[in-house]
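K.L.:
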Amino acid sequence: MNFKGSGPVLFVLLAVVFIVGTYAADYQTFRRQHYDNPRSNVGNRYCNTMMQRRGMTRPNCKGVNSFVHGSKRQLIDVCGRGGRAFGNNLRRSNRRFSVTTCRLTGGSSRPPCNYRENRSNRFIVIACRGGRPVHFDESLI
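If you read the sequence shown in the working numbering, its first letter stands for residue 274, the second for the next number, and so on.
1. Hey, how far is the Cα of R326 from the Cα of R395?
2. Excluding the 5 residues flanking N387 on each side, which residues of the same chain have their C-beta closer than 8 Å to its C-beta?
3. Here's the rule: buried if 16 or more other CB atoms are within 10 angstroms of the residue's CB, otherwise exposed. What is R364?
4. Taking Cβ to Cβ, would you say C334 is nearer than 8 Å to C401?
5. Considering only residues of the same chain and omitting the five flanking positions on each side of F370, which have a CB-CB separation below 6 Å?
6. Measure the alpha-carbon distance for S406 versus N338 and round it to whole angstroms.
7. Checking the sheet assignment: what are the DSSP bridge partners for T373?
8. Do you know whose CA, among P384, H307 and T330, lies nearest V372's CA?
9. Grouping DSSP H, G and I as helix and E and B as strand, with all else coil, what is S366?
10. Figure out for me which residue from R383, R392 and R346 has the closest Cα to the Cα of R312.
11. Could you have a look at C401 and say whether DSSP puts it in helix, strand or coil?
12. Rank G316, G356, R346 and T374 by C-alpha distance to the C-alpha of G336 and give the top, closest one.
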């Protein structure tokens, strides 16, 4: 059996698997940090509860994070026809989403973490890779 010609094919196959795995991991991180649909019913301390549940309070408190209350399909669509190019490798949604933004209160980024909640209906700005959202642009709140 001759394997001389299979080296480049194997390399390309491994590269594709690595790239797809990277996109999947980035999308999973995006979902963990920013997707909450329907909005979780966790009482009047939504931000404190969700930030802790989603792992954004250890070892330090994340300063700002937004949760989008739209379907997975609607979020993925922003990477295509549901959004338009916006700035440097970003996409702005064509429709408004229900969004809850959590901002750290107090002067310390060390736990315990306390957050202030702001709910709004607005356009979102995200970065996409492989047709899926991988970054939420918090600077455009």
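Just so you know, even glycine gets a beta-carbon here, dropped at the ideal spot from N, CA and C. No experiment lies behind these values; they were computed from the predicted model shown.
P.N.:
Reading off the structure:
1. Mapped onto the sequence shown, residue 326 falls at position 53. Mapped onto the sequence shown, residue 395 falls at position 122. Near 25 Å, if we compare the C-alpha coordinates of R395 and R326.
2. For this step, residue 387 is matched to residue 114 along the sequence shown. Setting aside the 5 residues that flank it on each side, N387 is surrounded in the same chain by N321, L377, T378 and G379, each with a C-beta closer than 8 Å to its C-beta; the list follows chain order.
3. Reading the sequence shown from its first residue, position 91 is the one you call residue 364. R364 should be labelled buried.
4. Position 61 of the sequence shown, counted from the start, is the residue given in the question as residue 334. Position 128 of the sequence shown, counted from the start, is the residue given in the question as residue 401. No, the Cβ-Cβ distance between C334 and C401 is not below 8 Å.
5. Locating residue 370 in the sequence shown gives position 97, counting from the first residue. A distance below 6 Å between beta-carbons, with the five flanking residues on each side excluded, links F370 to the following residues of its chain, in chain order: V341, G343 and I397.
6. As a working mapping, residue 406 is identified with position 133 in the sequence shown. As a working mapping, residue 338 is identified with position 65 in the sequence shown. With the sequence shown as reference, residue 406 is identified as Pro, and Ser is not the correct amino acid for it. Approximately 15 Å, taken between the alpha carbons.
7. For this step, residue 373 is matched to residue 100 along the sequence shown. F340 and R392.
8. One-based indexing of the sequence shown puts residue 372 at position 99. Closest option to V372, Cα to Cα, is H307.
9. The residue you call residue 366 lines up with position 93 of the sequence shown. In the structure shown, S366 sits in a strand (DSSP, three-state: E or B).
10. As a first step, residue 312 is located in the sequence shown; it is residue number 39 there, counting from the start. Across the set R383, R392 and R346, the C-alpha of R392 shows the shortest separation from the C-alpha of R312.
11. As a position in the sequence shown, residue 401 is number 128, starting the count at 1. C401: strand per DSSP, three-state reduction.
12. Here residue 336 refers to the residue found at position 63 when the sequence shown is read from its first residue. Taking each of G316, G356, R346 and T374 in turn and checking the Cα distance to G336, the smallest one comes out for T374.
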